[in-house]
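K.L.:
Right, I'll just put the structure down here and ask away after.
Residue numbers (the numbering used here): 1 to 813.
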């Protein structure tokens, strides 16, 4: 790299920098760098920031970037160092072929001031290509009569590099019969020639193998080889000779395919077969040869593929003339492509605005664009104009860069938009032109806020809505235009029931659609108030508000809940008591239920769904009261089972059921007598066992009473007899005692089979509990919270009988 500023003293460099700053507005500055090819991506080329008088960090802030056309971008700007770096691998041979100098032009745009600087980068050659022969194997035929000193032109090597890196010398391996001489052609190229130093003798050696080495002058040196096989023949001692050492021809780029552009000719002084010349198109490494075709016998060179001046300005091909035995001569043909005006000018829009405020001052920049033509010379001279009378003008900068600016203030009320037609014409004959259109919208200033059609909205939403469901759509209109009329919607930041309002409702900022973020429950809350704000996108933005009242509509989503009777949790069966003496309409119990819904969904009705004795009980439709429908009969079972259904009036209706067990009896002993029938079906084996125990207790009680009565009768009889004996005679005092069973034995029997019967009524639970018979046969009923009625065997009677029996036994003894 060799920037211009490196060759200036410090004082002159400062003065030059100030001069460039002054000329920067007009874009007149030009920067030159030099960089070798084949550098890695990101390699430093030059300090753009320093040459532009900018700090490296200011490049991005001021929008400094590279603008170029044609081939792929080869350079980039480093935002960190402020330097120009390579954007990829640069191949000089691919860009400039064999040109002595390879110059690349690019433009640097300072976007904030819309100034363009021209940068020229010279790509210097490096030795990255080795000399290459068209063929690595070459076979020659030479007559043994050939005299020493005979010269045979060999195929030249081609090196894509230039200067010292290009082909510099040829070398031949040591051979007693041949040597190598190199001559310089009129084009400055070197042509190797094989010189016969010693007469050949086919009988001594029929084939000679030589190695021709072509080397360049690079560091390190690169070389290519060609293996030459020389077959010794007789007679043919002359190679073909072209009529010209080099052929040159110029053709326009639009020459039709199939046109003959040149005829090469070579003569051979030999006769017969040795003088028959055949022409061949030599393949040059790196040079496409599919555009031309050579007729092997006539030497006519024909175009077989269209030429393009913009792709390649010249073509170099080598043509070989070979006689019958194989001696050849090579000539070079240079075909120069002439430009024709076949490309119309092209627009590159660097920056353009589609909208400008109506209060913009005159001189406001509308667009920056570049006009170029891929042709050359006069055909590439481009002029740009505005054909219409509009309030705009063009300001030209360097390298055909133009700025479109306003000439006066715009008035949106007179014209809301402009379709600006730009015309670019080249200098060809005939000239070609291209139109470009710039659509400019005159924007209004933001002087109107968005307006809702209504100040408040009322929205009704059924509860249990799905999450994410659309609730309502608000809409506001702004009479402004463009971004000033772009309305966005939002909700005011408020809280409801301790949570942010945004957790309940969200709004689409663009469409104004309100969404429910939760599934709302009417039983939780029934009304929600929102404030919707509509804001435009102007600067500064304007806004307006609208209130929205969200009312929830109840749905029948709760079934009735039965409060009474409460289902027992201890495994017992709830029982309601109805006396057998109850008259029709007697209130037995009441089913109490509630519904958490409201309105019609909470209206409840009661009905008797199932009864073990149909027609015995009725249920109030609206009160839930269970009453007797007729008088109770003796044949009516003690245990009556009722299934009562409670249903609301929702759509669809929901319901709940409860099972009632009613014990029919006039008194508690009646209940005890038929307790077996009240037992629940959930424990059939325990109910049967209890029934058996009750029967056994009853049987034992009857036997016990009979036995007591018999003992009393015997005791009275014996007491009467004793008194008679004591009165009549004292001789009976020595009579033996009777062997009857004493009262003590009866007490022992009773103690063994003692029973305890207890009935407990719990009015809160109305349960009859039948305990498992384990230690004694006991019946317990719970049905009252405040009093307990206990029925037990007359123990005082037993005690009296016990005392009398004891006295009788004592007297017997």
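Quick reminder that beta carbons are idealized off the backbone N, C-alpha and C, glycines included.
1) Going by the DSSP bridge assignment, what does residue 67 pair with across the sheet?
2) Have a look at the DSSP bridge pairing and note the partners of residue 30.
3) What whole-angstrom Cβ distance do residue 84 and residue 46 have, given they're in contact under 8 Å?
4) Measuring CB atoms only, is the region 458 to 473 touching the region 503 to 520, in the sense that at least three cross pairs come out at less than 8 Å?
5) Count the other CB atoms, across all protein chains shown, that sit within 10 Å of the CB of residue 692; report buried if there are 16 or more and exposed otherwise.
6) Determine which residues share a DSSP beta bridge with residue 490 and list them.
7) DSSP three-state call for residue 503: helix, strand or coil?
8) So, is residue 650 buried or exposed, given that buried needs 16 or more other C-beta atoms within 10 angstroms?
9) State the beta-bridge partners of residue 181 as determined by DSSP.
10) If you reduce the DSSP assignment to three classes, tell me which class residue 828 lands in.
11) I'd like to confirm the pairing. Which residues does DSSP put opposite residue 607 in its beta bridges?
12) Which residues bound the beta strand (DSSP E) around residue 248?
13) So what's residue 482 in DSSP terms, helix, strand or just coil?
14) Suppose you measure from the CA of residue 402 to the CA of residue 309; what does that come to, to the nearest Å?
15) List the endpoints of the continuous alpha helix (DSSP H) containing residue 48.
16) Hey, how far is the Cα of residue 151 from the Cα of residue 297?
17) From what residue to what residue does the beta strand (DSSP E) around residue 137 run?
18) Please work out which residues of its chain come closer than 8 Å, Cβ to Cβ, to residue 90, disregarding the five sequence neighbours upstream and downstream, and give them in chain order.
19) Do you know offhand how far residue 300's Cα is from residue 165's?
20) Which residues in the same chain as residue 109 place their Cβ atom closer than 6 Å to its Cβ, once the five residues preceding and following it in sequence are excluded?
21) In angstroms, rounded to a whole number, what distance separates the CA positions of residue 219 and residue 169?
22) Go through its chain and collect everything with a Cβ distance to residue 408's Cβ below 7 Å, but skip five positions before and after it.
23) Where are the beta strand (DSSP E) runs, 3 residues long or more, that stay fully inside the region 350 to 374, in chain order?
24) Decide if the region 367 to 382 is in contact with the region 419 to 436; the criterion is three or more beta carbon pairs, one per stretch, under 8 Å apart.
25) Please name the residue, chosen from 508, 239, 60 and 476, that lies closest to residue 326 on a Cα-to-Cα basis.
26) Looking at the structure shown, is residue 465 part of a helix, part of a strand, or coil, going by DSSP?
27) What is the DSSP secondary structure of residue 409, reduced to helix, strand or coil?
28) Touching or not, the region 222 to 235 and the region 180 to 187, by the rule of three or more beta carbon pairs under 8 Å?
29) In this structure, how does DSSP classify residue 512 when only helix, strand and coil are distinguished?
30) What first and last residue would you give for the beta strand (DSSP E) that runs through residue 229?
31) My guess is that residue 619 and residue 604 are in contact by the Cβ rule of under 8 Å, so how many angstroms apart are they, rounded?
32) Go ahead and label residue 372 buried or exposed: buried means 16 or more other beta carbons lie within 10 angstroms of its beta carbon, across all protein chains shown.
33) Tell me, please, whether the region 312 to 328 touches the region 265 to 276 by the rule of three or more beta-carbon pairs shorter than 8 Å.
34) State the start and end residues of the unbroken alpha helix (DSSP H) segment that holds residue 61.
35) Taking DSSP as the reference, what is the three-state secondary structure of residue 346?
36) Report all residues from its chain with a CB closer than 7 Å to the CB of residue 44; omit the five preceding and five following residues, and keep chain order.
P.N.:
Here's the rundown:
1) 107
2) 118
3) 5 Å
4) yes
5) exposed
6) 533
7) helix
8) buried
9) 193
10) Because the chain in this structure spans residues 1 to 813, residue 828 falls outside the shown range and cannot be described.
11) 645
12) 246 to 252
13) helix
14) 27 Å
15) 48 to 52
16) 25 Å
17) 137 to 143
18) 35, 37, 38, 39, 74 and 123
19) 35 Å
20) 65, 67 and 116
21) 14 Å
22) 362 and 391
23) 355 to 357 and 365 to 372
24) yes
25) 239
26) coil
27) coil
28) no
29) coil
30) 223 to 233
31) That pair is no contact at about 12 Å.
32) buried
33) yes
34) 58 to 61
35) strand
36) 83 and 85
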